[in-house]
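Residue numbers (the working numbering), protein chains in the order written: chain A, 18 to 292; chain B, 198 to 425; chain C, 331 to 904.
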């Protein structure tokens with residue numbers, strides 16, 4: 018089965034960078050690109066157990082006349098074909114429904130707030146909702162187009178981290194890029210992490226795809242993140258823990274996303290591996 | 198009980214996406230937990246019956262399929278046995294003595310003989326090059342559990358009204374459990390006989406082990422051809 | 331931590347796993363209470379706002395107030411919560427039929443505030459549809475919180491709507507019937523029980539907070555045989571009026587859409603016009619429960635001409651308010667228009683046959699209300715039960731039934747879809763459970779895919795192809811380009827049968843020469859109704875499915891029927 022990446026085009030220079038990221042991702046992973054050119058500033062995404070209204074920032078609709086031209090230019094440059102998504106169903110006359118049967122979705126860090134807010138440590142509330150309810154992983158791009166040449170998976174041992182690891186394998190298999198795993202040891206021995214891998218029957222794949230497993234035994238996580246190469250696609254799981262735990266202990270995802278500028282591929286708690 | 202989604206779909210004989218959707222829509226008494234499906238066997242079975250669906254946890258279906266799997270020449274011939282110097286001067290007497298050799302006890306030899314003759318009366322089963330494949334018209338699912346071929350080398354060649362009018366020197370008595378199996382074995386045997394070298398080999402009246410190994414070679418060749 | 335988060339998944343608790351009815355009843359109780367509270371809140375704030383603005387009603391500039399209210403409500407919807415205008419009931423039905431009742435959280439309060447602004451300031455609209463939307467959204471979000479599945483969520487959404495209607499009218503049966511007849515469209519015990527519980531909860535909340543009052547009490551009626559005959563005429567009139575109201579609302583909508591102003595200016599213009607009408611006929615302002623009460627008590631003294639005028643004025647005011655961007659429902663205006671129409675009819679009767687002793691005018695007003703509600707919603711049961719409950723007039727049941735049924739039938743004849751459903755029917759989005767459209771929309775191309783076709787390469791010789799034919803179970807062989815893997819065409823065994831038995835052709839023909847390149851194809855995200863239409867048009871039984879120019883499987887009518895039947899069985903009896 019081929020995979021699909023969903024992209025919402027923003028007709029601004031920022032949107033251009035984001036589309037370039039998507040095109041690069043698609044070419045590496047062999048996914049086909051699906052682009053939505055918004056006609057209204059809002060649309061609905063119906064997920065399995067949630068519906069998210071996405072109110073696009075006004076800059077998505079700037080100069081509608083040039084949108085198609087801009088997209089076509091970028092696609093030609095990237096030598097890639099894309100399909101344009103036409104919403105079929107409307108909840109209200111100006112509120113189209115966008116289906117959610119994609120394998121990836123590309124988002125900048127913010128889609129409903131002003132793009133001037135985009136910076137380290139900020140992920141817009143809508144993007145968070147999408148990550149939280151989507152069955153597909155979300156590609157959160159860095160503001161400027163950057164090619165990535167390796168894959169870095171953050172693995173903390175939780176169920177969601179295992180999903181992220183499998184996602185890392187999948188990307189590595191499709192793109193044939195080297196994959197390294199990063200683990201911050203938290204009061205647990207190296208063996209306990211290997212035990213988790215063993216229990217999930219991932220040893221074989223671990224050997225096949227992973228070039229290196231970095232275990233940070235000491236030092237703060239934030240400092241250790243510096244070891245992640247600048248041109249790596251960072252794959253991680255998100256929202257694996259309950260809300261309460263996040264409030265007390267903080268989330269790894271927040272730490273990572275507020276520290277590094279790499280492209281992030283985030284697998285939410287509903288990321289399904291059936292496909 | 199707990200199964201993962203893929204196994205669940207297999208048990209219900211439905212596409213994975215359908216089962217997934219039904220669980221989401223609450224149409225099927227299964228709960229979702231992560232990638233697993235939690236359900237109560239008795240309730241699900243009842244539900245499946247009420248909705249005209251199949252649900253079986255075990256691999257019974259597949260076992261049945263295995264039962265129906267086609268038998269190849271080699272096991273059938275091993276089962277049927279190879280016999281030399283079958284006596285007789287014409288079709289009837291040859292068949293009579295050959296039937297006695299068939300190594301299945303539960304079979305009524307008299308009746309089998311009748312049936313073989315009945316089939317011969319239709320048209321001769323001599324397929325040429327001195328080979329005949331006598332068989333009853335209908336398969337014998339009750340009498341035998343497995344299909345078998347009894348190989349009988351005749352003491353002297355006899356006229357069999359074969360298609361090419363050549364005297365028959367060897368008979369393969371073919372008893373099968375189903376029509377499908379019968380056709381399968383027949384076509385394989387015919388494939389072997391089409392090869393002149395094989396017929397020449399038969400004319401040397403080979404002993405059991407060398408015949409079987411030759412058959413095994415032929416079958417390998419056939420399997421290879423099928424897979425390309 | 332695990333234990334703490336388990337409360338969100340009650341469906342997996344052991345007691346509820348076997349049978350979810352108990353769980354649904356418990357949740358229905360919560361939802362009914364919440365939506366009942368929402369309804370009471372709206373009712374209270376409407377009354378407060380009306381009283382507060384009452385002092386300004388005497389000034390000449392008071393016609394501006396509906397304009398301000400409507401503009402504020404439009405601004406609130408458009409800029410603050412970013413929702414479309416309209417009363418919201420079609421949205422509820424849409425989400426129930428297509429997405430298992432998933433609704434946004436913001437819907438649970440947005441309509442309350444906006445309709446409060448519109449109606450409180452004097453716009454002619456009803457608070458019921460907004461309350462239904464809020465109740466449904468509250469139900470949906472509570473169901474979401476407890477991670478219920480689609481079927482359960484739909485029921486809970488119905489509970490929310492039922493609780494809201496029950497609470498605002500103090501009418502539990504009407505709430506139940508409305509929710510089942512209009513929102514869910516499915517009469518099943520699994521739905522009815524929780525909805526009944528929610529209705530009770532909603533009504534009880536309203537009784538605790540507002541007292542057990544019957545909205546429109548009246549004197550005793552003595553109904554003769556002649557009255558029953560006369561009510562057929564009333565049914566015809568109320569059907570005509572409801573068709574008129576529907577047409578007016580829709581045409582206003584179209585006109586206002588063409589106006590090149592921002593939405594809040596349009597709303598203000600509509601509100602202004604309503605205000606001006608209200609200067610002369612104050613009866614058209616607001617939701618209009620007060621005038622209804624006077625009419626039913628028989629205390630409405632104006633003559634035939636004024637009353638007839640009032641009917642049309644109210645229709646105009648309602649369509650101006652709603653059509654131009656105000657927020658609110660048509661329930662209350664229907665009651666007002668219905669009672670006015672009934673009154674008109676009574677006055678007319680008295681004028682024509684002064685000697686006959688007709689039952690008093692309150693009774694006709696009541697029948698008119700039932701006729702209009704039934705006609706607009708095309709839901710006769712809702713009309714009957716609602717009117718009985720809000721008036722406590724069981725003695726009028728016989729003419730009530732006649733008016734409701736005749737009016738529904740006539741309206742259905744002229745306008746095949748009710749006011750709430752019209753939009754959905756036009757878009758083909760009304761997917762009631764167990765219907766053909768619903769089954770087809772639930773099934774997806776993905777589920778019907780048959781993947782056991784053997785794909786062949788375009789430059790393969792016929793001789794090699796014959797070996798493949800031997801092994802295949804199917805009559806179709808998709809052909810692809812060996813270099814790119816793109817789908818090129820398809821070979822159907824029937825088309826090439828004659829070559830198959832012609833050995834000289836074996837080495838002379840390659841597959842790309844005999845394949846059919848002009849084939850209709852399907853894409854993964856096509857709707858099945860569309861697929862079936864294509865099949866019928868071209869008299870095909872199988873079609874290839876293409877994704878990203880590659881062949882991924884076949885769809886055949888046989889599999890479709892097989893799955894269709896399974897789906898129908900699973901959908902219709904639970």
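Note that beta-carbon positions come from the ideal geometry of N, C-alpha and C, so glycine has one too.
Specify the secondary structure class of residue 219 of chain B as computed by DSSP and reduced to three states.
-> Working through the second chain from its first residue, we reach residue 219 of chain B at position 22. Helix, per DSSP.
Would you verify that the beta carbon of residue 214 of chain B is, or is not, closer than 8 Å to some beta carbon of chain C?
-> Mapped onto the second chain, residue 214 of chain B falls at position 17. Yes, contact with chain C.
Coarse secondary structure for residue 116 of chain A, derived from DSSP in three states = By 1-based counting over the first chain, the position of residue 116 of chain A is 99. Coil, per DSSP.
Cβ atoms of residue 399 of chain B and residue 360 of chain B: under 8 Å apart, would you say?
-> Taking the second chain and counting its residues from 1, the one referred to as residue 360 of chain B is at position 163. Taking the second chain and counting its residues from 1, the one referred to as residue 399 of chain B is at position 202. Taking C-beta atoms as the reference points, residue 360 of chain B and residue 399 of chain B fail to come closer than 8 Å.
Specify, as a first and last residue, the run of the alpha helix (DSSP H) that residue 894 of chain C falls within.
-> On the third chain, residue 894 of chain C is found 564 positions in, with the first residue counted as 1. Counting along the chain, the alpha helix (DSSP H) containing residue 894 of chain C begins and ends at 887 to 902.
If you scan the stretch 708 to 792 of chain C from start to end, which runs of the alpha helix (DSSP H) of 4 or more residues do you find wholly inside it?
-> With a minimum length of 4 residues, the continuous alpha helix (DSSP H) runs that stay inside the stretch 708 to 792 of chain C are 710 to 721, 727 to 744, 752 to 757, 766 to 772, 775 to 778.
Give me the Cα-Cα distance between residue 831 of chain C and residue 353 of chain B, rounded to the nearest whole angstrom.
-> Taking the first residue of the third chain as position 1, residue 831 of chain C is located at position 501. Taking the first residue of the second chain as position 1, residue 353 of chain B is located at position 156. Each residue's Cα considered, the two are about 40 Å apart.
Chain C within 8 Å of residue 233 of chain B, Cβ atoms only | The count along the second chain starts at 1 and reaches residue 233 of chain B at position 36. False, the Cβ-Cβ gap to chain C never drops below 8 Å.
Touch test, the stretch 793 to 812 of chain C against the stretch 760 to 773 of chain C, Cβ-Cβ under 8 Å, three pairs minimum = Remark: fewer than three beta-carbon pairs, one from each stretch, lie closer than 8 Å, so the stretch 793 to 812 of chain C and the stretch 760 to 773 of chain C are not flagged as touching.
For chain A, is any of its Cβ atoms less than 8 Å away from the one on residue 880 of chain C?
-> Working through the third chain from its first residue, we reach residue 880 of chain C at position 550. Under the Cβ distance rule, residue 880 of chain C counts among the residues neighbouring chain A, one pair being separated by less than 8 Å.
Does any C-beta atom of chain B lie closer than 8 Å to the C-beta of residue 332 of chain C?
-> One-based indexing of the third chain puts residue 332 of chain C at position 2. Caution applies to residue 332 of chain C, whose pLDDT of 47 falls short of 50 and renders its modelled position unreliable; the value that the coordinates give is listed next. It does not; no Cβ of chain B falls within 8 Å.
Selection of the stretch 747 to 768 of chain C by Cβ proximity to chain A, strictly under 9 Å = Cβ contacts with chain A come from 753, 757, 759.
Residue 350 of chain C versus residue 228 of chain B: straight-line alpha-carbon distance, rounded = Indexing the third chain from 1 puts residue 350 of chain C at position 20. Indexing the second chain from 1 puts residue 228 of chain B at position 31. Each residue's CA atom was taken as its position, placing residue 350 of chain C and residue 228 of chain B some 11 Å apart.
Could you tell me which of B/295, B/276, B/325 sits nearest to residue 452 of chain B, measuring between CA atoms?
-> Lying outside 198 to 425, the shown extent of chain B, residue 452 of chain B is not represented and no answer is given.
For residue 25 of chain A, which of helix, strand or coil comes out of DSSP?
-> Translated into the one-based positions of the first chain, residue 25 of chain A becomes position 8. It is a strand residue.
How long is the line joining the alpha carbons of residue 667 of chain C and residue 412 of chain C, rounded to whole angstroms?
-> Within the third chain, the letter at position 337 stands for residue 667 of chain C. Within the third chain, the letter at position 82 stands for residue 412 of chain C. Taking the straight line from one Cα to the other gives about 32 Å.
Taking residue 172 of chain A and residue 178 of chain A to be in contact with their CB atoms under 8 Å, please state how far apart those CB atoms are, rounded to whole angstroms.
-> Locating residue 172 of chain A in the first chain gives position 155, where the first residue counts as 1. Locating residue 178 of chain A in the first chain gives position 161, where the first residue counts as 1. Beta-carbon to beta-carbon, residue 172 of chain A and residue 178 of chain A are separated by about 5 Å, close enough to satisfy the 8 Å threshold.
Just reading off the beta strand (DSSP E) that residue 368 of chain B is part of, what are its end residues?
-> Your numbering for residue 368 of chain B matches position 171 in the second chain. For residue 368 of chain B, the enclosing beta strand (DSSP E) covers residues 365 to 372.
Identify which residue in C/522, C/714, C/460 has its Cα closest to the Cα of residue 484 of chain C.
-> On the third chain, position 154 is the one that residue 484 of chain C refers to. With distances taken between Cα atoms, residue 484 of chain C lies closest to C/522.
Below 8 Å, can you find three or more Cβ-Cβ pairs linking the stretch 591 to 608 of chain C to the stretch 442 to 454 of chain C?
-> Pairwise C-beta distances place the stretch 591 to 608 of chain C in contact with the stretch 442 to 454 of chain C, as three or more of them are shorter than 8 Å.
Below 8 Å between beta carbons: does that hold for residue 128 of chain A and residue 51 of chain A?
-> Here residue 128 of chain A refers to the residue found at position 111 when the first chain is read from its first residue. Here residue 51 of chain A refers to the residue found at position 34 when the first chain is read from its first residue. No, Cβ-Cβ distance for residue 128 of chain A and residue 51 of chain A is not below 8 Å.
In terms of residues, what are the limits of the alpha helix (DSSP H) holding residue 216 of chain A?
-> Numbered from 1 along the first chain, position 199 holds the residue referred to as residue 216 of chain A. Here the alpha helix (DSSP H) through residue 216 of chain A covers 207 to 216.
DSSP state of residue 856 of chain C mapped onto helix, strand, coil = As a position in the third chain, residue 856 of chain C is number 526, starting the count at 1. Correct three-state label for residue 856 of chain C: coil.
Assumed close pair residue 806 of chain C, residue 884 of chain C - CB separation to whole angstroms, cut-off 8 Å = As a first step, residue 806 of chain C must be located in the third chain, where it is residue number 476. As a first step, residue 884 of chain C must be located in the third chain, where it is residue number 554. Yes, residue 806 of chain C and residue 884 of chain C are in contact; Cβ-Cβ is about 6 Å, under 8 Å.
Which residues, taken in chain order from the stretch 804 to 816 of chain C, show a beta carbon closer than 7 Å to some beta carbon of chain B?
-> Result list empty, no residue passes.
With 8 Å as the threshold, decide whether the Cβ of residue 149 of chain A is near any Cβ in chain C.
-> Position 132 of the first chain, counted from the first residue, corresponds to residue 149 of chain A. It does not; no Cβ of chain C falls within 8 Å.
Counting pairs of beta carbons, one from the stretch 405 to 423 of chain B and one from the stretch 282 to 298 of chain B, are three or more of them closer than 8 Å?
-> Counting Cβ pairs under 8 Å, fewer than three are found: no touch.
DSSP beta-bridge partners for residue 200 of chain A?
-> Here residue 200 of chain A is taken as the residue at index 183 of the first chain, counted from 1. DSSP lists A/232 as partners of residue 200 of chain A.
Should residue 152 of chain A and residue 65 of chain A be called a contact, given that it needs their Cβ atoms to be closer than 8 Å?
-> Sequence index remark: in the first chain, residue 152 of chain A carries index 135 (1-based). Sequence index remark: in the first chain, residue 65 of chain A carries index 48 (1-based). Yes, these two residues count as a Cβ contact at 8 Å.
What is the residue span of the alpha helix (DSSP H) that residue 177 of chain A lies within?
-> The residue you call residue 177 of chain A lines up with position 160 of the first chain. Its alpha helix (DSSP H) spans residues 176 to 192.
Leaving aside the five residues before and after residue 310 of chain B along the sequence, list all residues of the same chain whose C-beta is less than 7 Å from its C-beta, in chain order.
-> Translated into the one-based positions of the second chain, residue 310 of chain B becomes position 113. Taking residue 310 of chain B as the centre and dropping the five residues before and after it, the same chain places the C-beta of 292, 293, 296 closer than 7 Å to its C-beta, in chain order.
Cβ contact (3+ pairs, closer than 8 Å) linking the stretch 201 to 215 of chain A and the stretch 205 to 218 of chain B | Contact fails: fewer than three Cβ-Cβ distances are below 8 Å.
Report the neighbours of residue 221 of chain B on chain C: residues whose CB is nearer than 7 Å to its CB, in chain order.
-> Position 24 of the second chain, counted from the first residue, corresponds to residue 221 of chain B. Against chain C, a Cβ distance below 7 Å from residue 221 of chain B picks out 479, 480.
Chain F contact residues for residue 776 of chain C, given Cβ-Cβ distances below 7 Å = Looking for chain F here will not work: the only protein chains present are A, B and C.
Note down, in chain order, every chain A residue with its Cβ under 9 Å from the Cβ of residue 474 of chain C.
-> Within the third chain, residue 474 of chain C is the residue found at index 144, counting from 1. Within chain A, the residues near residue 474 of chain C are 66, 67, 68.
Among residues of its own chain, excluding the 5 on either side of residue 59 of chain A, which ones have a beta-carbon nearer than 8 Å to its beta-carbon?
-> Walking along the first chain from the start, residue 59 of chain A turns up at place 42. Taking residue 59 of chain A as the centre and dropping the five residues before and after it, the same chain places the C-beta of 70, 71, 72, 73, 111, 112 closer than 8 Å to its C-beta, in chain order.
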